[in-house]
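Numbering (this note's numbering), first residue to last: 458 to 561.
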């Protein structure tokens, strides 16, 4: 996880980015561990049972179709980037996706 001005006053923003990274299989192992450690606190704060992802899905009312939509868009964007010989980082994709689709 990171400390950055982007996240100040927006506690769910980084969690949402991690959710996107998880869905595209790009969430760093250290963040997976941290999120698993945070799960009991998230359960307590939001009064919701489940994994960190399930809690986030419930709290943010993320539709069941969202994970597939995230993966599809990642695949499309990486294919486009490859044809243009550019690189899109998973983190940058996660930030763009959250900013455009999961407003906090």
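All C-beta atoms in this analysis are idealised placements derived from N, C-alpha and C, irrespective of residue type, glycine included. The model shown is predicted, which means the values in this text are computed figures rather than measured ones.
Among the options, nearest to residue i - alpha-carbon criterion
i	options	result
residue 508	479, 529, 531 and 525	479
residue 482	544, 533, 534 and 528	528
Beta-carbon proximity check, residue i vs residue j, cutoff 8 angstroms
i	j	result
residue 554	residue 489	no
residue 499	residue 519	no
residue 470	residue 463	yes
residue 536	residue 545	no
residue 474	residue 551	yes
For residue j and residue i, believed in contact at Cβ under 8 angstroms, the rounded distance
i	j	result
residue 559	residue 495	Wrong, their Cβ atoms sit about 18 angstroms apart, outside the cutoff.
residue 515	residue 502	Not really, about 12 angstroms apart at Cβ, beyond 8 angstroms.
Alpha helix (DSSP H) segment containing residue i, residue limits
i	result
residue 528	523–540
residue 515	509–516
residue 558	547–558
residue 494	486–503
residue 471	468–480
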